[in-house]
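Data block below; observations after.
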Amino acid sequence: MLKVDARGATTLLLPSIGENVEPLDLKVGRDGTGYALFAPPEGSSSGGGMWIDHFSADGTGVYQFTTFPSTASVRSIDFDAAGMLITWVGDELWKFDSSGDHETVVHSSVRVTGEWAMDNRGTTFEINSAPSGGGSRDIRRITSAGKESTFRTLPQGYSAQRIRIGDDGDVYVLSSGDKYGPGIDGEKSVVTRYDSEGSSNSFTLPYWRNPVSGDGFGTAPGATDFVVDSEGAMYTANFGLKAVSRISATGEVTAEFIHLESGSPWSLGLSGDRRLLIAAVPDHDRNLTLPSTIFALDLEG
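The working numbering puts the first residue of the sequence shown at 1071, with every later residue one more than the last.
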């Protein structure tokens, strides 16, 4: 187990994001440039909209890349086949240039409102927004021409939270029994890998049992995010464990692959040079009321 002090033992990219900020998604481009999508937590009275920060691989050059209208709901960011930053904003697919300006490259009859990821052929895989009174169980596939179909339906009782695409085109889905959000409320979290032939493999994430009763956590795997490397290994942000777990391509689990001495992991990113980006919030700060940090760790080191 590797122990890391998120306050300084690694490369700090964004040392203090600020209070009442939720790090939603992290992505790293081919050139090492990083982008982080932020939003005020749900119910925040700040009145501001969502935004994207830019940062370089060595932690310099940090600045606000772009902002969104207060009415816009953005759930994920990604790169297209040419390496340009993109995001869905309702029924529009935006592509950004290096200055943070955007153009609409797709105007679709399909609205993308859930978590999503795009493969190298321009196909979007989206977690359908939760129906009334239930969780997000369907994974929708949207082609570059705007044609939609159901890719997969999750088992009864499970809700999807995150979706990723591997280098080989396999689709990975993080789900849990908590129908309203990440599995931090005592529900089992599972990562399922779907290949192009229709086969699937599921991996149950490690559990964490809080010895202190009555604090609202109970038993929880605490998986809030995950990334997949080029070899098919998965790294999961286990909020409850205060750790990043690793699941090999063959299913071998290391529960506390990286343990945070301070802070709990919330979002993850992975660069091509094998650097793992971790957005950490203060210890078990579920309401995100304290400043967060983003730091990088060399997986080859």
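For each residue, glycine too, the CB sits at the ideal point set by N, CA and C.
Cβ-based neighbour list, residue i, same chain, cut-off 6 Å, excluding 5 preceding and 5 following
{"i": "residue 1107", "result": "1094, 1095, 1122, 1147"}
{"i": "residue 1312", "result": "1330, 1334"}
{"i": "residue 1253", "result": "Low confidence applies here, because residue 1253 scores a pLDDT of 45, under 50, leaving its location unreliable and the question unanswered by this model."}
{"i": "residue 1109", "result": "1092, 1094, 1120"}
{"i": "residue 1274", "result": "1260"}
{"i": "residue 1133", "result": "1124"}
{"i": "residue 1208", "result": "1198, 1220, 1223"}
CB of residue i within 8 Å of CB of residue j, strictly
{"i": "residue 1352", "j": "residue 1333", "result": "yes"}
{"i": "residue 1232", "j": "residue 1224", "result": "no"}
{"i": "residue 1304", "j": "residue 1235", "result": "no"}
{"i": "residue 1120", "j": "residue 1138", "result": "yes"}
{"i": "residue 1104", "j": "residue 1347", "result": "yes"}
{"i": "residue 1174", "j": "residue 1162", "result": "yes"}
{"i": "residue 1261", "j": "residue 1306", "result": "yes"}
{"i": "residue 1097", "j": "residue 1149", "result": "yes"}
{"i": "residue 1383", "j": "residue 1327", "result": "Shown here, the chain extends from 1071 to 1371; a query on residue 1383 therefore has no answer."}
{"i": "residue 1144", "j": "residue 1136", "result": "no"}
Residue burial classification, residue i (beta-carbon count within 10 angstroms, cutoff 16)
{"i": "residue 1194", "result": "buried"}
{"i": "residue 1190", "result": "exposed"}
{"i": "residue 1349", "result": "buried"}
{"i": "residue 1267", "result": "exposed"}
{"i": "residue 1196", "result": "buried"}
{"i": "residue 1295", "result": "buried"}
{"i": "residue 1100", "result": "exposed"}
{"i": "residue 1370", "result": "exposed"}
{"i": "residue 1230", "result": "buried"}
{"i": "residue 1168", "result": "exposed"}
{"i": "residue 1300", "result": "exposed"}
{"i": "residue 1228", "result": "buried"}
{"i": "residue 1272", "result": "exposed"}
{"i": "residue 1363", "result": "buried"}
{"i": "residue 1368", "result": "exposed"}
{"i": "residue 1078", "result": "Per-residue confidence for residue 1078 stands at a pLDDT of 41, beneath the threshold of 50, marking its modelled position as unreliable; no derived number is given."}
Inter-residue CB distance, residue i and residue j (contact presumed, cutoff 8 Å)
{"i": "residue 1366", "j": "residue 1344", "result": "In fact, because the Cβ distance is near 10 Å, the residues do not count as touching under 8 Å."}
{"i": "residue 1264", "j": "residue 1222", "result": "6 Å"}
{"i": "residue 1140", "j": "residue 1102", "result": "Not really, about 31 Å apart at Cβ, beyond 8 Å."}
{"i": "residue 1065", "j": "residue 1192", "result": "It is not possible to answer for residue 1065, since the shown part of the chain is limited to 1071 through 1371."}
7 Å CB neighbourhood of residue i in its chain, flanking five on each side removed
{"i": "residue 1219", "result": "1211"}
{"i": "residue 1270", "result": "1262, 1263, 1264"}
{"i": "residue 1302", "result": "1236, 1319"}
Sequence-distant residues of the same chain with beta carbon closer than 8 Å to residue i, five excluded per side
{"i": "residue 1216", "result": "1176, 1178, 1179, 1180"}
{"i": "residue 1325", "result": "1276, 1308, 1311, 1313, 1315"}
{"i": "residue 1242", "result": "1233, 1234, 1235, 1236, 1261, 1262, 1263, 1264, 1296, 1298, 1304"}
{"i": "residue 1203", "result": "Only weak support is given to the placement of residue 1203: the predicted model assigns it a pLDDT of 47, under 50, and the value that follows is read from those uncertain coordinates. Answer for residue 1203: no residue qualifies."}
{"i": "residue 1164", "result": "1156, 1157, 1158, 1172, 1173, 1174, 1175"}
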